[in-house]
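Report on the following structure.
Protein chains in written order, with our numbering: chain A, 3 to 155; chain B, 2 to 290; chain C, 3 to 389.
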């Protein structure tokens with residue numbers, strides 16, 4: 003627990019967060035580990051967690067109709083993974099699969115959601131941070147959508 | 002703006018810049034499904050002009066046409082010129098269809114060079130997208146040959162999909178040299194791909210940059226270069242004066258006479274293809290320039 | 003005032019008649035204005051009679067007509083659809099041939115020597131245009147040998163204009179109507195009490211040599227004054243371009259709504275680029291015969307109004323009419339200065355005369371400067387589709 007507190011306190015994502023909120027987060031945190039090829043979450047499942055990756059690599063996968071999965075993004079050490087827990091109706095929108103052995107800190111989103119409803123200041127702090135993540139992911143996705151390396155005929 | 006290129010005198014044995022020098026294809030290597038690397042050698046008794054990294058040649062396929070292609074080989078290996086060509090149309094298809102022993106006409110080298118002088122004593126940040134790694138490869142070769150003249154070598158490379166990545170073996174071997182980081186990514190991959198997926202700007206978060214000690218050289222689709230420059234300037238704190246990019250336009254003569262490659266006040270063949278970003282700052286945001 | 007006035011002589015038509023064979027004796031092909039198919043164009047001259055004596059031109063936007071003069075002036079018209087670039091920077095020229103045989107690839111250079119032209123009747127605006135093309139084609143890091151050789155061997159006989167047409171604006175572009183230099187000989191045509199005379203000055207040592215071989219006498223001051231006054235009258239022109247700060251204006255106002263307006267009128271026919279004496283764009287065509295043994299490379303005039311000019315893998319960089327008109331006009335009046343100094347526009351007015359839509363570069367420049375969004379030229383349609 004002590005280690006978890008230090009890790010969260012030093013992580014740039016939580017920079018500027020009130021110490022009492024940090025303590026709250028630590029209370030919702032645990033260490034987790036995934037073997038290579040293991041799924042962290044699957045599309046359609048209830049989204050009740052988010053992860054702070056510590057080691058390894060996770061791919062966001064989406065299935066084509068014939069179910070050949072396409073990896074649309076990878077995340078690794080120090081990246082934050084998972085925003086669906088914060089956005090109703092709280093379902094994972096894609097699969098998350100460990101590309102290699104991955105260690106992470108899992109945070110209990112279900113518990114945090116309740117706390118955010120009770121404490122809007124906490125809610126705002128978390129939403130602010132996740133908005134930034136979403137903005138980056140949206141920009142990147144748009145650039146991928148432009149398919150800049152394709153040959154246009 | 003260093004112009005090593007200007008010190009390099011014209012094509013050996015050919016006085017008129019519009020006359021091609023006949024060269025033989027010594028080797029042709031398939032890099033990806035649509036991209037090939039050609040090695041050209043001069044005729045018996047002739048020599049090839051030296052080039053500076055960033056320059057291009059006009060390559061002529063008998064009776065078909067001519068194209069501007071960046072030189073992608075080692076500037077210090079004389080006696081050969083290496084080009085990495087992506088087959089996208091009739092002329093490029095004809096070029097990559099040349100077999101060993103066949104003839105290709107060469108004019109050049111033309112254009113401006115990457116700022117190797119400016120980069121001495123600094124970290125060199127190379128950001129390439131797709132075929133854009135080809136015009137930057139000569140820079141990497143130069144740095145590896147003169148390793149003590151530079152500090153860190155940082156290579157960020159993005160391609161469409163895993164099978165489109167160029168020079169994979171070299172990327173791996175470069176990453177193993179001291180004080181070098183090579184990070185690659187693709188726009189999408191399959192489950193067999195264990196590397197990174199995401200646009201090339203997502204690679205920056207893995208670097209610890211010293212903005213005042215870095216010279217950035219960027220090459221790829223124009224829109225990708227704009228995104229990279231935004232990231233460099235707005236988020237990574239690198240000054241406009243330390244950023245260089247390579248531009249592309251239609252070319253017919255390659256020597257500033259036919260008017261095709263004009264970009265605002267510049268002729269890409271003569272004032273580029275390598276430009277300091279500061280010079281193009283207000284042009285890049287213009288549509289249909 | 004120059005410190006040394008050039009010595010001016012005066013001659014009649016007979017002396018001018020003998021000038022043509024004298025130039026031929028010096029190895030020149032004499033070319034100059036001739037009338038053909040209702041226009042005054044440039045072609046071979048073998049005698050003075052070939053000139054369109056007694057003819058003049060009427061020029062307006064999208065209008066060019068010839069009509070008879072009351073006198074027999076040899077040079078009583080302005081510039082037509084052709085310009086001297088037809089000779090110096092030819093519309094089509096072969097650059098080399100290639101033979102392929104027995105695995106061998108041989109380039110055969112063009113052996114024919116460059117023609118030596120004497121241009122009779124070069125207007126001040128045309129001299130300025132030739133100098134502008136010199137900057138592009140002969141004075142860059144890579145000079146074009148075709149242009150350079152022809153240019154170096156050319157002999158220029160200028161004519162100072164004594165009348166202008168409404169499409170002329172050389173005065174505001176500071177290129178005319180008086181030719182200030184760059185010629186070997188210059189003429190002013192005058193009628194003095196019924197005598198058809200030419201005041202002549204030399205502008206080079208070769209010009210002085212040729213002048214010496216002509217039957218001339220010193221030009222009386224009164225005649226010179228008459229000639230100069232006629233030229234000065236040609237400087238009062240109805241059209242003009244305000245060049246002060248124009249470079250910045252055009253460079254900055256890239257998104258000015260006027261560009262959208264002119265795009266509605268422009269047909270991208272490229273006439274302006276064909277008639278413009280400074281336009282220099284060319285394209286390269288590589289061909290081969292059916293046996294595959296013989297190939298040629300040709301250079302041909304091109305125009306920035308084509309989509310093909312800016313084509314790179316997948317599409318044209320300038321697909322819209324707006325972007326192509328803007329490219330042409332800003333190049334002519336602004337970026338040319340960055341590239342070569344001076345301007346690419348010499349005020350000859352050809353683009354105005356020969357544009358089928360009557361687009362007037364002077365009006366467009368004024369509109370961009372003044373911020374006028376919509377044109378008021380004859381051929382604009384209003385919102386209901388009425389002209």
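The C-beta atom is built at its ideal place from N, Cα and C for all residues, glycine as well.
Exposure of residue i, with buried meaning 16 or more beta-carbon neighbours within 10 Å
{"i": "residue 25 of chain C", "result": "buried"}
{"i": "residue 334 of chain C", "result": "buried"}
{"i": "residue 130 of chain A", "result": "exposed"}
{"i": "residue 99 of chain A", "result": "buried"}
{"i": "residue 50 of chain A", "result": "buried"}
{"i": "residue 45 of chain B", "result": "exposed"}
{"i": "residue 8 of chain C", "result": "exposed"}
{"i": "residue 65 of chain A", "result": "exposed"}
{"i": "residue 293 of chain C", "result": "exposed"}
{"i": "residue 8 of chain B", "result": "A caution first: residue 8 of chain B carries a pLDDT of 37, below 50, which makes its placement in the model unreliable, though a value can still be read off. Exposed."}
{"i": "residue 211 of chain C", "result": "exposed"}
{"i": "residue 260 of chain B", "result": "buried"}
{"i": "residue 63 of chain A", "result": "buried"}
{"i": "residue 146 of chain C", "result": "buried"}
Residue i, DSSP secondary structure in three states
{"i": "residue 276 of chain B", "result": "strand"}
{"i": "residue 383 of chain C", "result": "The pLDDT assigned to residue 383 of chain C is 49, lower than 50, so where the model puts this residue is not dependable, and the model offers no usable value."}
{"i": "residue 64 of chain A", "result": "strand"}
{"i": "residue 2 of chain C", "result": "Summary: the structure shown does not reach residue 2 of chain C, with chain C confined to residues 3 through 389, and so no result is reported for it."}
{"i": "residue 57 of chain A", "result": "strand"}
{"i": "residue 1 of chain B", "result": "Chain B is shown from 2 up to 290; residue 1 of chain B falls before or after that span and cannot be answered."}
{"i": "residue 14 of chain A", "result": "helix"}
{"i": "residue 48 of chain A", "result": "strand"}
{"i": "residue 103 of chain A", "result": "coil"}
{"i": "residue 339 of chain C", "result": "helix"}
{"i": "residue 218 of chain B", "result": "strand"}
{"i": "residue 119 of chain C", "result": "strand"}
{"i": "residue 158 of chain B", "result": "strand"}
{"i": "residue 227 of chain C", "result": "helix"}
{"i": "residue 37 of chain C", "result": "strand"}
{"i": "residue 242 of chain B", "result": "helix"}
{"i": "residue 42 of chain A", "result": "strand"}
Endpoints, alpha helix (DSSP H) assigned at residue i
{"i": "residue 365 of chain B", "result": "What is shown of chain B runs 2 to 290, which leaves residue 365 of chain B out entirely."}
{"i": "residue 364 of chain C", "result": "363 to 372"}
{"i": "residue 254 of chain C", "result": "248 to 254"}
{"i": "residue 327 of chain C", "result": "323 to 332"}
{"i": "residue 68 of chain B", "result": "No alpha helix (DSSP H) holds residue 68 of chain B; the beta strand (DSSP E) holding it covers 66 to 71."}
Of the residues the options, the one placed nearest residue i, counting alpha carbons only
{"i": "residue 127 of chain C", "options": "C:360, C:367, C:371 and C:352", "result": "C:352"}
{"i": "residue 59 of chain C", "options": "C:48, C:43, C:149 and C:51", "result": "C:43"}
{"i": "residue 74 of chain C", "options": "C:265, C:194 and C:172", "result": "C:194"}
{"i": "residue 284 of chain C", "options": "B:219, B:258, B:155 and B:275", "result": "B:258"}
{"i": "residue 64 of chain B", "options": "C:100, C:141, C:48 and C:84", "result": "C:100"}
{"i": "residue 233 of chain C", "options": "C:256, C:257 and C:178", "result": "C:178"}
{"i": "residue 359 of chain C", "options": "C:48, C:51, C:277 and C:63", "result": "C:63"}
{"i": "residue 82 of chain A", "options": "A:90, A:52, A:72 and A:42", "result": "A:52"}
{"i": "residue 149 of chain A", "options": "B:223, B:180, B:285 and B:107", "result": "B:223"}
{"i": "residue 85 of chain C", "options": "C:97, C:169 and C:124", "result": "C:124"}
{"i": "residue 167 of chain C", "options": "C:52, C:46, C:81 and C:181", "result": "C:81"}
{"i": "residue 8 of chain A", "options": "A:71, A:107, A:97 and A:74", "result": "A:107"}
{"i": "residue 124 of chain A", "options": "A:6, A:54 and A:25", "result": "A:25"}
First through last residue of the beta strand (DSSP E) which encompasses residue i
{"i": "residue 33 of chain A", "result": "31 to 36"}
{"i": "residue 300 of chain C", "result": "296 to 303"}
{"i": "residue 42 of chain B", "result": "36 to 43"}
{"i": "residue 182 of chain B", "result": "181 to 187"}
{"i": "residue 104 of chain B", "result": "104 to 111"}
(message) So, does the segment 264 to 280 of chain B touch the segment 6 to 24 of chain C, judging by three or more C-beta pairs under 8 Å?
(response) Result no; under three Cβ-Cβ pairs closer than 8 Å.
(request) For the segment 226 to 233 of chain B and the segment 303 to 317 of chain C, state whether three or more C-beta atom pairs, one from each stretch, are separated by less than 8 Å. (result) no
(message) With a threshold of 8 Å, are at least 3 pairs of Cβ atoms found where one atom belongs to the segment 271 to 280 of chain B and the other to the segment 177 to 186 of chain C?
(response) Fewer than three beta-carbon pairs drawn from the segment 271 to 280 of chain B and the segment 177 to 186 of chain C are found closer than 8 Å, and the two stretches are therefore not classed as touching.
(request) Report yes or no: do the segment 115 to 129 of chain B and the segment 23 to 34 of chain B share at least 3 C-beta pairs separated by less than 8 Å? (result) Contact between the segment 115 to 129 of chain B and the segment 23 to 34 of chain B is absent, because fewer than three Cβ pairs lie under 8 Å.
(request) Evaluate the contact criterion for the segment 31 to 47 of chain C versus the segment 244 to 254 of chain C: three or more CB pairs, one atom per stretch, below 8 Å. (result) no
(request) Inspect the CB distances between the segment 91 to 107 of chain A and the segment 15 to 29 of chain A and report whether three or more fall short of 8 Å. (result) Contact between the segment 91 to 107 of chain A and the segment 15 to 29 of chain A is absent: fewer than three C-beta pairs spanning the two stretches fall below 8 Å.
(request) Could you tell me whether the segment 115 to 127 of chain C touches the segment 145 to 152 of chain C, using the rule of 3 or more Cβ pairs below 8 Å? (result) In short, these stretches touch, since the Cβ pair count reaches three.
(message) Counting beta carbon pairs with one atom in the segment 45 to 57 of chain B and one in the segment 70 to 86 of chain B, are three or more of them shorter than 8 Å?
(response) Contact between the segment 70 to 86 of chain B and the segment 45 to 57 of chain B is present, because at least three Cβ pairs lie under 8 Å.
(message) Below 8 Å, how does it come out for the segment 221 to 241 of chain C and the segment 159 to 177 of chain C: are there three or more Cβ pairs, yes or no?
(response) yes
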